[in-house]
Amino acid sequence: MILDALIAPFTANGFMANALAAGFLVAVACGIVGTFVVLRGLAFIGDALAHGVLPGVAVAMLLGVPGMIGAAVGAAAMIAGIGFITRRSRLSGDTAIGLLLVGMLALGVAIVSRSGAFAGDLVRILFGEILGVTGRDLLAQLVATAVIAAVAYTCRRPFLLLCYDPEQADTSGYSSRLFHGIMLALVALSVVVSFRTVGTLLVFGMLIAPAATAALFSRRLGTMIALASVLGGASVYAGLLLSYHANLAAGASITLVATVIFLAALVVRRPAGMAHARRSAGRGPTASAAARSSRARQGATT
Amino acid sequence: MTRTLDGPRGGPAVEARSLSVGYGANVVVADLDFTLGRGRILSLVGANGSGKTTLLRTLASLLAPVSGEVRVLGATPGSSPTRVAYLGQFHPAGFILPLRAIDVVRMARFASLGLLSRSSREDERAVERAMEVMRVADLGDEPLDALSGGQRQRVFIAQALARGGDLLLLDEPAANLDRGARETYRGVVRDLASAGCSAVVATHDLDEAAASHQAMLLARRVVAFGSPGEVLTPEALLSTFGATVHPRSDGVLVVDHGHGCAPGGMP
Numbered sequence: 001m002i003l004d005a006l007i008a009p010f011t012a013n014g015f016m017a018n019a020l021a022a023g024f025l026v027a028v029a030c031g032i033v034g035t036f037v038v039l040r041g042l043a044f045i046g047d048a049l050a051h052g053v054l055p056g057v058a059v060a061m062l063l064g065v066p067g068m069i070g071a072a073v074g075a076a077a078m079i080a081g082i083g084f085i086t087r088r089s090r091l092s093g094d095t096a097i098g099l100l101l102v103g104m105l106a107l108g109v110a111i112v113s114r115s116g117a118f119a120g121d122l123v124r125i126l127f128g129e130i131l132g133v134t135g136r137d138l139l140a141q142l143v144a145t146a147v148i149a150a151v152a153y154t155c156r157r158p159f160l161l162l163c164y165d166p167e168q169a170d171t172s173g174y175s176s177r178l179f180h181g182i183m184l185a186l187v188a189l190s191v192v193v194s195f196r197t198v199g200t201l202l203v204f205g206m207l208i209a210p211a212a213t214a215a216l217f218s219r220r221l222g223t224m225i226a227l228a229s230v231l232g233g234a235s236v237y238a239g240l241l242l243s244y245h246a247n248l249a250a251g252a253s254i255t256l257v258a259t260v261i262f263l264a265a266l267v268v269r270r271p272a273g274m275a276h277a278r279r280s281a282g283r284g285p286t287a288s289a290a291a292r293s294s295r296a297r298q299g300a301t302t
Numbered sequence: 001m002t003r004t005l006d007g008p009r010g011g012p013a014v015e016a017r018s019l020s021v022g023y024g025a026n027v028v029v030a031d032l033d034f035t036l037g038r039g040r041i042l043s044l045v046g047a048n049g050s051g052k053t054t055l056l057r058t059l060a061s062l063l064a065p066v067s068g069e070v071r072v073l074g075a076t077p078g079s080s081p082t083r084v085a086y087l088g089q090f091h092p093a094g095f096i097l098p099l100r101a102i103d104v105v106r107m108a109r110f111a112s113l114g115l116l117s118r119s120s121r122e123d124e125r126a127v128e129r130a131m132e133v134m135r136v137a138d139l140g141d142e143p144l145d146a147l148s149g150g151q152r153q154r155v156f157i158a159q160a161l162a163r164g165g166d167l168l169l170l171d172e173p174a175a176n177l178d179r180g181a182r183e184t185y186r187g188v189v190r191d192l193a194s195a196g197c198s199a200v201v202a203t204h205d206l207d208e209a210a211a212s213h214q215a216m217l218l219a220r221r222v223v224a225f226g227s228p229g230e231v232l233t234p235e236a237l238l239s240t241f242g243a244t245v246h247p248r249s250d251g252v253l254v255v256d257h258g259h260g261c262a263p264g265g266m267p
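Written out as structure tokens, the structure is:
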């Protein structure tokens with residue numbers, strides 16, 4: 001039965017059910033945070049945070065502290081470091097982020113290589129162990145996802161202003177520095193609670209891919225967040241099934257599905273501007289408006 | 001427009017004393033001394049890089065004054081975001097956002113709404129009226145990136161109007177507008193001024209400057225400040241733009257492009 005193949009893996013195996021629940025929580029957290037990451041062009045800093053937690057996790061494991069605490073410290077160090085470098089030098093944020101990303105990654109690997117019994121742990125940190133999720137992990141994820149949702153809802157107006165134009169946030173009485181910091185903290189939180197599930201290498205994919213797919217189709221912020229969460233959830237479900245039946249690494253399967261969905265959506269969707277051109281057929285300037293906005297898009301991502 | 005009634009009403013809208021504006025320690029315009037009364041429109045005229053935007057950004061609290069003192073609505077800049085609307089020249093990421101035109105205008109109300117309160121009928125009315133007067137009411141459901149440059153600019157102006165403030169800070173708001181839309185915009189600002197709202201407008205449109213209450217010619221220094229009739233003289237415009245400008249009998253100023261730089265009248 002096909003239905004059996006789609007449902008039985010989760011009903012018959014407790015670890016698969018836990019993995020699905022954990023994955024759905026990751027999908028919601030990353031759907032919310034990823035939307036802002038994509039809209040504000042923070043992908044690189046999200047990537048850096050995802051990898052920057054590695055030394056923190058490694059040290060935590062050495063000391064026997066929960067990995068999440070180490071990850072939180074690593075993420076905080078990363079954010080502080082980026083701020084420090086950009087303030088102290090005339091280097092752009094990109095340079096600071098890239099430098100710290102590589103530095104933190106190297107530090108993490110160096111720490112791991114120092115202690116011999118670590119090879120398996122490194123794989124677990126990098127790729128997650130979604131099939132080994134415990135009840136306590138689930139609870140921590142549930143709390144973190146609720147916090148992310150509550151903070152994002154409370155800050156929806158300044159966040160939207162930040163996405164639109166940080167200066168509009170400042171002139172509307174919302175400090176762009178403060179709310180940018182809160183936004184980064186949410187990125188860090190989603191990375192920290194998701195790394196056990198999909199791993200530090202792959203959490204970035206969950207952060208970006210569903211939100212980027214949703215951005216192709218959404219006309220409103222709320223729709224984009226909802227769509228990103230649903231797409232993330234679908235990636236989790238399909239990825240787990242794929243991993244179960246084809247005997248693939250679970251975290252990698254999930255991220256792979258999310259990425260494939262994005263690429264498929266790109267192909268399926270009409271090329272940028274087509275929708276408008278069709279609606280206003282005969283109105284000349286639309287094509288150039290579309291070209292302008294796609295140029296603006298490119299400009300915004302660099 | 002609805003206007004808030006809190007705060008001191010009698011004092012000037014803007015007051016600058018020995019104000020130097022610039023970026024960090026780099027002074028762009030030094031020693032500004034001027035007062036803008038309530039219900040008055042001040043045009044800032046000058047070539048690119050003359051300091052118009054720097055002054056506007058200082059009034060909007062986006063730049064700290066390099067030295068000197070400036071009061072906006074009787075307080076330091078930025079202390080009453082609900083009463084001041086700023087429209088800058090650039091909207092860097094506006095196009096990738098999943099926003100409709102009406103969503104952009106609604107953002108104007110965020111200043112008074114704060115984090116949690118729900119938007120009221122009054123907020124919606126302010127948004128509707130601003131879109132009506134800028135003639136973009138029928139574009140409300142259009143995504144921002146489907147609009148032409150001029151339509152978009154009218155939406156941005158509507159956003160500034162929807163704030164319902166006492167002071168408008170507008171940086172070349174009419175640059176992308178066709179003649180009709182320009183007339184609409186200028187009529188709206190005039191009406192607001194007679195209702196007591198003040199405005200500081202950076203412009204390359206000498207007609208617009210001539211129709212305002214006060215004009216300031218900037219060329220990294222104040223070339224002239226006062227009523228447009230006194231200020232917009234051929235001599236002053238020559239030292240502002242490096243070009244000769246002749247007033248015609250019907251009030252329109254004709255520009256001779258003496259040095260090849262792009263002076264007034266150009267979008």
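Protein sequences appear in the order of chains A and B.
Under this note's numbering, the letters of the first sequence match residues 1 to 302, in that order.
Under this note's numbering, the letters of the second sequence match residues 1 to 267, in that order.
Each residue gets a CB set at the ideal place from its N, CA and C atoms; glycine is no exception.
Which residues DSSP lists as bridging residue i, in chain order
{"i": "B/T203", "result": "B/V45"}
{"i": "B/R100", "result": "B/P143"}
{"i": "B/R17", "result": "B/E69"}
{"i": "B/T35", "result": "B/E15"}
{"i": "B/Y86", "result": "B/L169"}
{"i": "B/V223", "result": "In the DSSP output, where bridge partners are listed per residue, B/V223 has none listed."}
{"i": "B/V27", "result": "B/G22"}
{"i": "B/Q214", "result": "B/L42"}
{"i": "B/A75", "result": "B/V72"}
{"i": "B/S198", "result": "B/L167"}
Buried or exposed by the 16-neighbour rule on C-beta atoms within 10 Å, applied to residue i
{"i": "B/A236", "result": "buried"}
{"i": "A/T134", "result": "exposed"}
{"i": "A/H276", "result": "A caution first: A/H276 carries a pLDDT of 43, below 50, which makes its placement in the model unreliable, though a value can still be read off. Burial call: buried."}
{"i": "B/A33", "result": "Contrary to the premise, residue 33 of chain B reads as Asp rather than Ala in this sequence. Counting Cβ neighbours within 10 Å, B/D33 comes out exposed, since fewer than 16 surround it."}
{"i": "A/A281", "result": "Unreliable placement is indicated for A/A281, whose pLDDT of 38 sits below 50; no coordinate value is reported for it."}
{"i": "A/A291", "result": "The predicted position of A/A291 is uncertain, since its pLDDT is 40 and thus under 50; a value taken from the coordinates is nonetheless stated next. By the 10 Å Cβ count, A/A291 comes out exposed."}
{"i": "B/V283", "result": "There is no way to answer for residue 283 of chain B, as the model of chain B reaches only from 1 to 267."}
{"i": "B/V70", "result": "buried"}
{"i": "A/L139", "result": "exposed"}
{"i": "B/P234", "result": "exposed"}
{"i": "A/Y244", "result": "buried"}
{"i": "A/A110", "result": "exposed"}
{"i": "A/T325", "result": "A question about residue 325 of chain A goes unanswered here, because the residues of chain A that appear run from 1 up to 302."}
{"i": "A/I2", "result": "exposed"}
{"i": "A/A329", "result": "There is no way to answer for residue 329 of chain A, as the model of chain A reaches only from 1 to 302."}
{"i": "A/S176", "result": "buried"}
{"i": "A/A5", "result": "exposed"}
{"i": "B/R125", "result": "exposed"}
{"i": "B/T2", "result": "Model confidence at B/T2 stands at a pLDDT of 43, short of 50, so the residue's coordinates are unreliable and nothing is read from them."}
{"i": "A/T35", "result": "buried"}
Supposed close pair residue i, residue j - CB separation, criterion 8 Å
{"i": "B/T240", "j": "B/L217", "result": "5 Å"}
{"i": "B/L73", "j": "B/R57", "result": "Going by Cβ atoms, the distance from B/L73 to B/R57 rounds to 17 Å, so no, they are not a contact pair."}
{"i": "A/I254", "j": "A/V230", "result": "Not really, about 15 Å apart at Cβ, beyond 8 Å."}
{"i": "A/S213", "j": "A/A265", "result": "Looking at the sequence provided, one finds Thr at residue 213 of chain A rather than Ser. Rounded, the Cβ-Cβ distance is 5 Å, consistent with contact."}
{"i": "A/G173", "j": "B/A210", "result": "Not a contact, Cβ separation roughly 35 Å."}
{"i": "B/Y23", "j": "B/L62", "result": "Not quite, the Cβ-Cβ distance comes to about 11 Å (not below 8 Å), so this is no contact."}
Cβ-heavy atom distance, residue i to the ligand COA, below 7 Å
{"i": "B/G140", "result": "Among the components modelled here there is no ligand, and therefore nothing to report on the ligand COA."}
Q) Touch check for the region 183-192 of chain A and the region 72-91 of chain A: three-plus C-beta pairs under 8 Å? A) yes
Q. In the region 142-159 of chain A, which residues sit with their C-beta less than 8 Å from some C-beta in chain B, listed in chain order?
A. T154, C155, R157, P158
Q: Using a Cβ-Cβ cut-off of less than 7 Å, give me the residues of the region 106-120 of chain B that come near chain A, in sequence order.
A: M107, F110, A111, L113, L115, L116
(Q) To be precise: take each residue of the region 157-178 of chain A, compare its Cβ to all Cβ atoms of chain B, and keep it if any distance is under 8 Å. Which residues remain? (A) R157, P158, L160, L161, C163, Y164, D165, E167, Q168, D170, T171, S172, G173, Y174
Q | Meets three-Cβ-pair contact criterion under 8 Å: the region 153-170 of chain A and the region 237-253 of chain A | A | no
Q. According to a CB-to-CB cut-off of less than 9 Å, which residues of the region 40-66 of chain B neighbour chain A?
A. R57, A60, S61, L62
Q. With a cut-off of 8 Å, do at least 3 Cβ pairs link the region 211-228 of chain A to the region 4-15 of chain A?
A. no
Q.
Under 8 Å: do the region 53-71 of chain B and the region 199-207 of chain B share three or more Cβ pairs, one atom per stretch?
A. yes
Q.
Is it the case that the region 129-149 of chain A contacts the region 13-27 of chain A, given that we only count it when at least three CB pairs across the two stretches are under 8 Å?
A. yes
(Q) Does the region 90-97 of chain A come into contact with the region 198-211 of chain A, if we say contact requires no fewer than three beta-carbon pairs (one atom in each stretch) closer than 8 Å? (A) no
Q) Which of the residues in the region 145-172 of chain B, read from start to end, lie with their CB under 8 Å from any CB of chain A? A) Residues of the region 145-172 of chain B with a C-beta less than 8 Å from any C-beta of chain A: D145, A146, L147, S148, G149, listed in chain order.
Q: Return the residues of the region 179-204 of chain B that lie within a Cβ-Cβ distance of less than 9 Å from chain A, sorted by chain order.
A: none
Q | Cβ-based contacts, 8 Å cut-off: residues of the region 73-84 of chain B near chain A | A | G78, P81, T82, V84
(Q) Any contact between the region 126-142 of chain B and the region 96-105 of chain B? By contact I mean 3 or more CB pairs, one from each, below 8 Å. (A) yes
Q: Below 8 Å between beta carbons is the criterion; list the residues of the region 213-245 of chain A that meet it against any residue of chain B, in chain order.
A: A215, S218, R219, R220, L221, T223, M224
Q.
For the region 29-63 of chain A, list every residue whose C-beta sits within 8 Å of some C-beta in chain B, in sequence order.
A. If the cut-off is 8 Å between Cβ atoms, the region 29-63 of chain A has L39, R40, G41 near chain B.
Q) Mind listing which residues of the region 12-43 of chain B have their C-beta closer than 7 Å to chain A's C-betas, in chain order? A) none
Q. Given 8 Å as the limit, is there contact between the region 112-127 of chain B and the region 166-186 of chain B, that is, 3 or more CB pairs closer than that?
A. no
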